[in-house]
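Asks:
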Amino acid sequence: DGVALHGVCSLRPTPLQPSAAFLGSPGEGSPCTPSLGWAGEGPGTGGKNRHVCHAAARLEMGSLWEEFNRLGTEMIVTKAGRWEPEWPGGLQRWGGTPFLPPSLCRRMFPTFQVKLSGLDPLADYVLLMDFIPLDDKRYRWGRDNGGRGPDPGALSPSLPCRYAFHSSSWLAAGRAEPAAPGRVHFHPDSPAKGAQWMRQIVSFDKLKLTNNLLDDNGHIILNSMHRYQPRFHIVFVDPRRDSERFAHQNFKSFSFPETQFMAVTAYQNHRITQLKIASNPFAKGFRDGDPEP
1 DGVALHGVCS LRPTPLQPSA AFLGSPGEGS PCTPSLGWAG EGPGTGGKNR
51 HVCHAAARLE MGSLWEEFNR LGTEMIVTKA GRWEPEWPGG LQRWGGTPFL
101 PPSLCRRMFP TFQVKLSGLD PLADYVLLMD FIPLDDKRYR WGRDNGGRGP
151 DPGALSPSLP CRYAFHSSSW LAAGRAEPAA PGRVHFHPDS PAKGAQWMRQ
201 IVSFDKLKLT NNLLDDNGHI ILNSMHRYQP RFHIVFVDPR RDSERFAHQN
251 FKSFSFPETQ FMAVTAYQNH RITQLKIASN PFAKGFRDGD PEP
């Protein structure tokens, strides 16, 4: 993780740059050992700078993420400049009027949101995310289970029963494609004081996904039909000029297994489609019985 985070940004109190390094300095306090934090605390916290070693992150909407995870979460990725419908049926419906919402088609839902604690209220921090492959395989959606569907006990009771014994599933279809260019997404409020980050829920609602290898908009580039794990990083901004020497001590990473997903260009699992419609506030017009806005 330390190697992956080197060379991403400058964490001195100046505008962020895509070069230089994550910083940290043991001289500002003795490194500390891990303490109990909220769910999702990553490994490797020993020897970290005191400004990050007690940092903890709690995943918001955890029950919703768990519900998606039980079904096999899918996230839409699209080519830049080409709209692909977030919902089935092509055009969106809002109050009976079809429309195309390009700002929604590549954003993650559920949105990645965390509540932070354990930061130094007066110190500056940068928050960012990246995405790593879960394995070395690519997948396809199909039938290869002898007609047996998934365990009905693992399904959400809120989903239509006609999907309860759907016999399709994700199947390994060969070796993974070459890894997409590694990118990180900085929270737009970075850098900010620890007090500000801890005051309210931190939301990465501006983060967008694409499968366009030539993307020049700063979106996260992923290969479709591959599985990914989002990672969240807290980085202390060290003002010392030689702080690059201590970069490995000055960040803390978090991974939440329930946020793993399959990158797709169109939803494959009908139960995922139904759950997205049922739980996404932007899909209100698709819900039976809802009054028109």
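Just so you know, the sequence shown maps onto residues 1 to 293 in full-length UniProt numbering. Here a beta-carbon is modelled for each residue, glycine too, at the ideal position from N, C-alpha and C.
For P133, which residues does DSSP report across the bridge?
Replies: As a first step, residue 133 is located in the sequence shown; it is residue number 133 there, counting from the start. Partner(s): Y228.
Asks: When the Cα of G174 is compared with those of P191, R140, S190, which residue comes out closest?
Replies: The residue labelled residue 174 in the question sits at position 174 within the sequence shown. Nearest option by C-alpha distance: R140.
Asks: Counting Cβ pairs closer than 8 Å, one from the segment 247-260 and one from the segment 191-204, do we hit at least three?
Replies: The segment 247-260 is not in contact with the segment 191-204.
Asks: So what does DSSP say about R241, is it helix, strand or coil?
Replies: Residue 241 sits at position 241 when you count from the first residue of the sequence shown. Note: R241 maps to coil in three-state DSSP.
Asks: May I ask you to verify whether the segment 121-128 touches the segment 180-197, counting CB pairs closer than 8 Å and requiring at least 3?
Replies: Yes: at least three Cβ pairs fall under 8 Å.
Asks: Between which residues of its own chain and M262 is the CB-CB distance below 6 Å, once the five residues before and five after are set aside?
Replies: Counting from one through the sequence shown, the residue named residue 262 turns up at place 262. Once the five neighbours on either side are set aside, the close Cβ partners of M262 are E74, R227.
Asks: Indicate the three-state DSSP secondary structure (helix, strand or coil) for T273 in the structure shown.
Replies: By 1-based counting over the sequence shown, the position of residue 273 is 273. DSSP places T273 in helix when its eight states are reduced to three.
Asks: Out of A56, V52, A180, E60, which has the shortest C-alpha to C-alpha gap to L222?
Replies: As a first step, residue 222 must be located in the sequence shown, where it is residue number 222. Answer by Cα proximity: A180.
Asks: Judging by CA-CA distance, which residue of S168, M198, N269, S169 is the nearest neighbour of L116?
Replies: Your numbering for residue 116 matches position 116 in the sequence shown. Taking only the C-alpha atoms, the option nearest L116 is M198.
Asks: Quick one: residues in its chain with C-beta nearer than 8 Å to the C-beta of T265, no 5 flanking neighbours on either side, listed in chain order?
Replies: Here residue 265 corresponds to residue number 265 of the sequence shown, with the count starting at 1. I76, V77, T78, E84, N211, S224, listed in sequence order.
Asks: Just how far apart, CA to CA, sit S63 and D242?
Replies: Position 63 of the sequence shown, counting from 1, holds the residue named residue 63. Position 242 of the sequence shown, counting from 1, holds the residue named residue 242. Straight-line Cα distance between these residues: approximately 43 Å.
Asks: With 16 as the cutoff for other CB atoms within 10 Å, does A178 come out buried or exposed?
Replies: Here residue 178 corresponds to residue number 178 of the sequence shown, with the count starting at 1. A small fix is needed here, since residue 178 is Pro in this sequence, not Ala. Result: exposed.
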